[in-house]
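Each residue of the sequence shown is one higher than the one before, starting from 8 at the first, in the numbering used here.
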Amino acid sequence: MQALSKIVRAKFRDRMAKEGLLSKIPSELWKIEWNVNSQAVGSAEASIKYLSSYVFRVAISNSRIVKVEDDKVFFRYRKTGSNRLRTLGLDALEFIRRFLQHVLPTGFMKVRYYGFLSPGFRISLEGVRARIELAFGFELTAPEVEPEPPPQILCRHCGHELVYRYSILPHRRRSLTAAPSG
């Protein structure tokens, strides 16, 4: 493990230097020993079986969706600290917005279990940021990124930009019951 720890530390330091971030990291960090946690998992089949439930999990499974009616999605959930199932109905666009919050940006890792990213860690990211600033004496600032403008959608006939006006929602399906006789 010690040899692996030295390799990981060196590769991390090289990457920080390449990205121009080495000067922001306290020099004491490079003087202490690092501990890389690497454990054997048995066979490849066992490790794939274990990881697949984490890697391929989605924000909500189909079995939790109760119904989709008009422009609403109804699904089951459990409130934190409770075992009771509850049902919530959301506007379809709000449901999609919440679902897409669980889609990771390119380059982010889905599998994590250790440190401040572990499920059992109860301090907010702001709390983590404050502790880092206090411990190392420098301020963490998020990089200012301007969002890219959405791509223009052009008409295939005239080439002008399309303008969104409104949505046409599907009609509610009527039940196929017999008409009253009389």
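Glycine included, C-beta positions come from ideal geometry on N, C-alpha and C.
Collapsed DSSP secondary structure at residue i in the structure displayed
i: Y171; result: coil
i: E101; result: helix
i: F106; result: helix
i: I139; result: helix
i: I72; result: strand
i: L95; result: strand
i: L111; result: coil
i: L161; result: strand
i: A51; result: helix
i: F123; result: helix
i: L36; result: helix
Candidates the options, of which the one nearest residue i by Cα
i: K74; options: L169, T94 and V110; result: T94
i: P177; options: L147, S60, A99 and T148; result: A99
i: R20; options: G88, F123 and I32; result: I32
i: L107; options: K86, V65, L169 and M23; result: V65
i: F115; options: S45, I55, V62 and K38; result: V62
i: I175; options: F128, G96, V152 and D77; result: D77
Residue i: first and last residue of the uninterrupted alpha helix (DSSP H) it sits in
i: R16; result: Q9 to K25
Status (buried if at least 16 other CB within 10 Å, exposed otherwise) for residue i
i: V80; result: buried
i: F219; result: Nothing about residue 219 can be reported from this structure: the residues present for the chain run from 8 to 189 only.
i: F102; result: buried
Residue range of the beta strand (DSSP E) that includes residue i
i: V43; result: Careful: V43 lies outside any beta strand (DSSP E) and carries neither H nor E.
i: K79; result: K79 to R85
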